[in-house]
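Colleague: Sharing a structure below in structure tokens format, with a few things to ask.
In this note's numbering, the protein residues as written are 1421 to 1519.
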């Protein structure tokens, strides 16, 4: 858990989210908060904006139980395509992040 927390740059994550929304935010990277939002493959971090809007940032966990890199990339692209489709038909709000 500590290793995951050390890999997430809280300042950069907040700056990027604030830039996308135009509203200041905070990110709770406490081990307790991360533990409650961790599954077998992903960890989710809650971003809370000053106007109380909340986003989830997803971080892929890697380890012995993780699928191969090619499969992980395919899954991520599939999730992105699904979110894009849901945005196009008006079901979800979506921000664009270029990697």
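Note that CB positions come from ideal geometry on N, CA and C, so glycine has one too. None of the values given here were measured: they were computed from a predicted structure.
Once you ignore the five residues that flank residue 1468 on each side, which residues in its own chain have a CB closer than 7 Å to its CB?
Modeller: On the chain shown, position 48 is the one that residue 1468 refers to. Same-chain partners within the cutoff: 1445, 1446 and 1474.
Colleague: Exposed or buried, what is residue 1501 when buried is set at 16 or more other beta-carbons lying within 10 Å of its beta-carbon?
Modeller: What you label residue 1501 is simply residue 81 of the chain shown in a count that begins at 1. So residue 1501 ends up on the exposed side.
Colleague: Tell me residue 1476's beta-bridge partners as DSSP assigns them.
Modeller: Position 56 of the chain shown, counted from the first residue, corresponds to residue 1476. The partner list for residue 1476 (beta bridge, DSSP) reads 1466.
Colleague: Can you tell me whether residue 1512 is buried or exposed? The criterion is at least 16 other CB atoms within 10 Å of its CB, across all chains shown.
Modeller: If you number the chain shown from 1, residue 1512 lands on position 92. The residue is exposed, with fewer than 16 neighbouring Cβ atoms inside 10 Å.
Colleague: Report the residue from 1479, 1442, 1489 and 1440 whose alpha carbon sits nearest the alpha carbon of residue 1459.
Modeller: Counting from one through the chain shown, the residue named residue 1459 turns up at place 39. It is 1479.
Colleague: Can residue 1486 and residue 1492 be called in contact, C-beta distance under 8 Å?
Modeller: Here residue 1486 is taken as the residue at index 66 of the chain shown, counted from 1. Here residue 1492 is taken as the residue at index 72 of the chain shown, counted from 1. Taking 8 Å as the Cβ cut-off, residue 1486 and residue 1492 qualify as a contacting pair.
Colleague: Helix, strand or coil: which one does DSSP assign to residue 1495?
Modeller: One-based indexing of the chain shown puts residue 1495 at position 75. Residue 1495 falls in the helix class under three-state DSSP.
Colleague: Please state whether the Cβ-Cβ distance between residue 1481 and residue 1462 is less than 8 Å.
Modeller: In the chain shown, counting from the first residue as 1, residue 1481 sits at position 61. In the chain shown, counting from the first residue as 1, residue 1462 sits at position 42. Yes, Cβ-Cβ distance for residue 1481 and residue 1462 is below 8 Å.
Colleague: To the nearest angstrom, how far is the alpha carbon of residue 1451 from that of residue 1465?
Modeller: Within the chain shown, numbered from 1, the residue matching residue 1451 stands at position 31. Within the chain shown, numbered from 1, the residue matching residue 1465 stands at position 45. Their Cα atoms are separated by approximately 11 Å.
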